[in-house]
Each structure stands twice: as C-alpha cells, then as structure tokens.
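Here is the structure we will look at.
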Amino acid sequence: MKKNSRNTEFDEVFLSKIRSFFNLSDEDSQYLKSSLKLATFKKGHVLSGRNEILQNAIFLNKGAVRTYYLEKGKEHNYSFSFAPHFVIKPQSIIETGARQIFVQTLTDTEVLYIPVAALNTLRNRNSGEVYKFMNAGLINYIQYLEEQMLMLHMSAKERYEWVVERYPQLLELVSVTQLASYLNLTKETLYRIRSGKY
68 MKKNSRNTEF DEVFLSKIRS FFNLSDEDSQ YLKSSLKLAT FKKGHVLSGR NEILQNAIFL
128 NKGAVRTYYL EKGKEHNYSF SFAPHFVIKP QSIIETGARQ IFVQTLTDTE VLYIPVAALN
188 TLRNRNSGEV YKFMNAGLIN YIQYLEEQML MLHMSAKERY EWVVERYPQL LELVSVTQLA
248 SYLNLTKETL YRIRSGKY
C-alpha cells in the first residue's frame, strides 16, 4: 500500500545532492523541496496511473522496479531500475498513448516523485541549472538505449550472460517469464541456457 509522507530529513539529503551538482538559488531549492513527494510501496505494488507516471520524474531512493507495457493482452518487460536511479520509462510508447504502461516494485521500494510541472516552472525562470538536471536524466536514458542497442547484436546466450553481469540480483527478483520477455527469448530457450543445454 502506498504511504505518502513528508520526510524532511530525506528532502534535505536529496536537495544537498542536487546542490552538489547544480547551483540552485535558495528560492529555487525551496520551490523544488515543496514539490517533492516521497512514497513507499510494498513488493509487487503496481503504479498504473498514466498521470502518475507521465507527470513525474520518479527517482528510486530504495528498492527496485520493472517497467512494462501491455500489447494485445501480453506483458512486455521494457526495463529494470535499481536504486539509486531514476525509473527508466519508454517515452515514445508513453507519448503515443497506444499501450498501457506500468511500473511494478520488485522489492519494498521508496520512491521520490519530482513533478515535471515543477521542473518546467524552474526552467521557465531561466534557471540554466535546471537544464543540467534534465540533461543528467537524458544522459542516463541514452546510456540505457545504448545498452539495448548492444544487446540487439548479441546471441541469446550472450544476452543472458550480459543481464546477469549487469543486474546480478535480478534472478532473485523476477520470474523466468519476465526475464525472457526482457531478453526477447522464449521461456524454453531461457531454461536451456540456464541449464547449460543451449
């Protein structure tokens, strides 16, 4: 169950991290602080509200999530995100509105919502520092896309070995079906790879 809270100590820690990278004015820092929302979720909770996912940058303070979408009634795993990191979301899929997007917690998870509207307000105040913040998120997303492009050129076994090396805790958190979907493999192929019979 979702629990909304105002964690002043966490807010200050988060803002101090932001200030270590970006030179926000006191006024901008206070505005950003007042916009933050901290929430905790139990393992298995699904964020399904389009507004919740669309209208916020979602930062994982603790825990892990998977992002997936539905197409013709079938789940397709898009990404896995582990704290401390922003949740990776399929922007192109979200913008078309053709598919439902979901974010599910893989462990008990604490997230920080940063409203896109608040970032836009800061940007419109001609705060060049906010562009740095937004660019940092874009860089993370580009790195994720580069990893996916590299994976496209790997064999099935190489993809499995890559994901185990990249996310060593993943096998304990997701089902074979979810992992196979992420790797674009059948469950049978994944079973054969894991058993050494591929």
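Under our numbering, the first residue of the sequence shown is numbered 68, with each subsequent residue one higher.
From the three backbone atoms N, C-alpha and C, an ideal C-beta is built for every residue, glycine too.
Keep in mind the model is a prediction, meaning the values are calculated, not measured.
CA-to-CA, the gap between Gln-122 and Met-218 works out to about 30 Å. Per the C-alpha coordinates, the member of Leu-250, Ser-262, Gly-263 positioned closest to His-143 is Leu-250.
Here DSSP, grouped into helix, strand and coil, assigns Leu-252 to coil.
Rounded to whole angstroms, the Cβ separation of Phe-147 and Ala-131 is 7 Å, and the two are in contact under 8 Å. Shortest Cα-Cα distance from Phe-108 to any of Thr-176, Ser-101, Gln-171, Asp-93 involves Thr-176. The residues Pro-182, Ala-185, in chain order, have a CB closer than 6 Å to that of Ser-102 in the same chain once the five nearest residues on each side in sequence are set aside. Bridge partners of Ser-148 according to DSSP: Val-132.
According to the DSSP assignment, Lys-224 belongs to the alpha helix (DSSP H) that extends over 223-233. Contact check for Phe-169 against Pro-151 fails: the beta carbons are separated by 9 Å or more.
In this structure, DSSP gives Thr-174 a state outside helix and strand, which the three-state scheme calls coil. DSSP lists Gln-171 as the bridge partner or partners of Val-113.
For Tyr-180, the beta-bridge partners assigned by DSSP are Lys-104, Ile-125. In the three-state DSSP reduction, Leu-137 falls in the strand class (E or B). Here the C-alpha atom of Gly-140 lies approximately 14 Å from the C-alpha atom of Ser-248. A direct Cα-Cα distance of roughly 16 Å separates Ser-159 from Asn-118. Within the same chain, Cβ atoms closer than 6 Å to the Cβ of Gln-245 are found at Asn-144, the five residues on either side in sequence being excluded. The alpha-carbon separation between Val-178 and Leu-205 amounts to approximately 19 Å.
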